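Working notes for the structure below.
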Amino acid sequence: MLAPELRAWLAPMLADHVDEAICVYDADDRVIAWNAAYPVLFPEVRDMLRPGLPFLDTVRALFELQHPVDAETMEAMLVAAVERHRTVIGPLAYQRADGRWVELRMYPTPDGGRFKIWRDVTSRRLADFDLVQLNDALSTLEVGMLLFDRHQRLAFMNTRLFSKLMVAHVVDPPRLGQGGG
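Going by the working numbering, the first residue of the sequence shown is number -2, and it counts up by one from there.
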């Protein structure tokens, strides 16, 4: 077993060399410590982050930016967040407002606090994404839709738009041999 002094020196060094965001809370739900990845994953709280910061303040800041709702709904969301913070072990996967998917695992500490680890699982979630299911969903829209890739090439046309284009060509077919140039 490692001596307490060596463990105290080693823990922050290890935590700052992992990709996962880590934050530790005491038994009163106040921030004790975090690693370098935490403010990267949660830039919304970067400027307010300090030892002793109540968990509720960090969650409120995140919710106000990501879920603009009335005060009563916000309070209900905060109560639920505190309950999850105190009871859930995980993994708990959710999507952030910026589109990234994160997986959260929480562990109780011997002194009644919480040790939390967030992992960005966006690439894994996107790999599991069912493109056929997306096509089916977008094809049921009442409006035509075109999606272009980053090179401005047509990547998707839903059934509604394709049908409208086909009808337009059948009703008023293009006239061959006419046109400019």
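Think of the CB as a built atom: it goes at the ideal place given N, C-alpha and C, for glycine as much as any other residue. Predicted model only: the values in this text are computed from it and were never measured.
For Y22 and F112, what's the separation of their Cα atoms in angstroms? 6 Å
task: Could you tell me which residues DSSP pairs with R116 in its beta bridges?
output: E100
request  = Below 8 Å on the Cβ atoms is my guess for L185 versus A18; work out the distance and round it to an integer in Å.
outcome  = Residue 185 lies beyond the residue range present for the chain, which begins at -2 and ends at 178; the question has no answer from this structure.
Is the Cβ-Cβ distance between L75 and R102 less than 8 Å? no
For D13, which residues of its own chain have a beta-carbon under 6 Å away from its beta-carbon, when the five flanking residues on both sides are left out? N32, A33
Taking its Cβ as the centre, do 16 or more other Cβ atoms sit within 10 Å of T55, making it buried, or is it exposed? buried
Would you mind stating whether V85 and E100 have Cβ atoms separated by less than 8 Å? no
TODO: Flag this pair as yes or no: are the beta carbons of V42 and P36 separated by less than 8 Å?
DONE: yes
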